[in-house]
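Residue numbers (the numbering used here): 533 to 818.
Don't be surprised by glycine CBs; every beta carbon is placed ideally from N, CA and C.
To start, the structure itself, in structure tokens.
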Amino acid sequence: MAYLPHTEKDLMKMLKSLGPKYLDELRDLIPEGLRSTELLNIPAALSEQETKELLVGISKENSTTEEYSSFLGAGTYNHYIPSVVDHLSGLAGFYTAYTPYQPEISQGTLQAIFEYQTLICQLTGMDVSNASLYDGASATAEAVLMARRIKKQSKGGKVFISRAVHPEYRETLKTYLADTESEIIELPFSMETGETELKAINDLEKGEEATCLVIQSPNFFGVIEAVGTASETIKKKNGLLIAVVTEPLSMALIKPPGELDADIIVGEGQGLGNYMNFGGPYLGFM
């Protein structure tokens, strides 16, 4: 879109609406004690090459993952990204792709989505996958909403979530459920092992309805949770188990939640081929 500056006519129209007759009169709105009496020390304009050299010089003051190892984690991991990823993601068919309303002209996009869903199913051990969500946090919240629908709960129900789940995911869930009657119950974790303690679920009284249990493995502290035990515990109370995974590649090394009787698996897909990008945006999987 071309930049169209304000015309003289536009300026006069705005001034008429504001009150002053001239632009300089706008300065009168600034208290005299706050006005600058000296010209600002703004350097002269730079050429493109000079600007790039300046900004590159400033950026060199930062420490990067090319020099140091990053242990921030929390859903953001520094993986090597093959150069072909940049090339493929820059192709117009992917970069501008939207919902393929006309499948007869979207075969390439549909094939890519199918391949993605197939690989997510293989990785998680589940039968079906959707075509991604916004991020791991929103995917977790959407999974809880889905559990409420599966349980046919228009209101009420207890949603158990481990305090060893990513804190931002827990905050997002609270936002999603703010206008519902669902009760969020946060489960503590062992200070010795870092594992989630499930006693509160076992203590549910007869007649109290459990919607689901949300548990992350490896959890926020890097501890591998007993997903199978968690599934067995919540299902005794007729609830569903939602397993959260912030590092999808971990499922290639340990038994995926789908093989441990999880009902819904969600997580953060950054580790599948995205840069860290200052913390986002990424993608969620389900």
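Candidates N573, I766, T596 and Q643, of which the one nearest C744 by Cα: The shortest Cα separation from C744 among N573, I766, T596 and Q643 belongs to I766.
F603 burial status per 10 Å Cβ neighbour count (16 or more: buried): Per the 10 Å Cβ criterion, exposed.
Neighbourhood of T725 by C-beta, 8 angstroms cutoff - its chain only, sequence neighbours within 5 removed: Short of 8 angstroms from the beta carbon of T725, and not among the five residues preceding or following it, lie these beta carbons of its own chain, in chain order: V755.
Proximity below 9 angstroms, CB of G668 to CB of G565: Not closer than 9 angstroms, so no.
Where L572 sits in the DSSP three-state scheme: Coil at L572, not helix or strand.
Distance between beta carbons of D793 and G760, contact taken as under 8 angstroms: The pair is a contact, with the Cβ atoms about 6 angstroms apart (cut-off 8 angstroms).
Three-state class that DSSP yields for F752 in the structure shown: DSSP places F752 outside both helix and strand once states are collapsed to three, so it counts as coil.
CA-to-CA distance, E713 to G688, given in whole angstroms: Cα to Cα, G688 sits roughly 5 angstroms from E713.
Cα-Cα separation between G657 and Y666, rounded to whole angstroms: Straight across, the Cα-Cα distance linking G657 with Y666 is about 22 angstroms.
Contact between the stretch 606 to 614 and the stretch 804 to 812 (3+ Cβ pairs under 8 angstroms): Touching, yes.
Status (buried if at least 16 other CB within 10 Å, exposed otherwise) for P780: Buried, by the Cβ-count rule.
Which of helix, strand or coil DSSP assigns to S595: Reduced to three states, the DSSP call for S595 is coil.
Residue from T707, T596 and N573 whose Cα sits closest to the Cα of L677: Ranking the options by Cα distance to L677, first place goes to T707.
Cross-strand partners of I747 (DSSP beta bridge): Answer by DSSP bridge pairing, in chain order: A775.
Boundaries of the alpha helix (DSSP H) in which K690 is found, first to last residue: Bounds of any alpha helix (DSSP H) do not take in K690; it lies within the beta strand (DSSP E) bounded by K690 to S694.
Among R567, A671, L555 and Y612, nearest to T597 - alpha-carbon criterion: With distances taken between Cα atoms, T597 lies closest to Y612.
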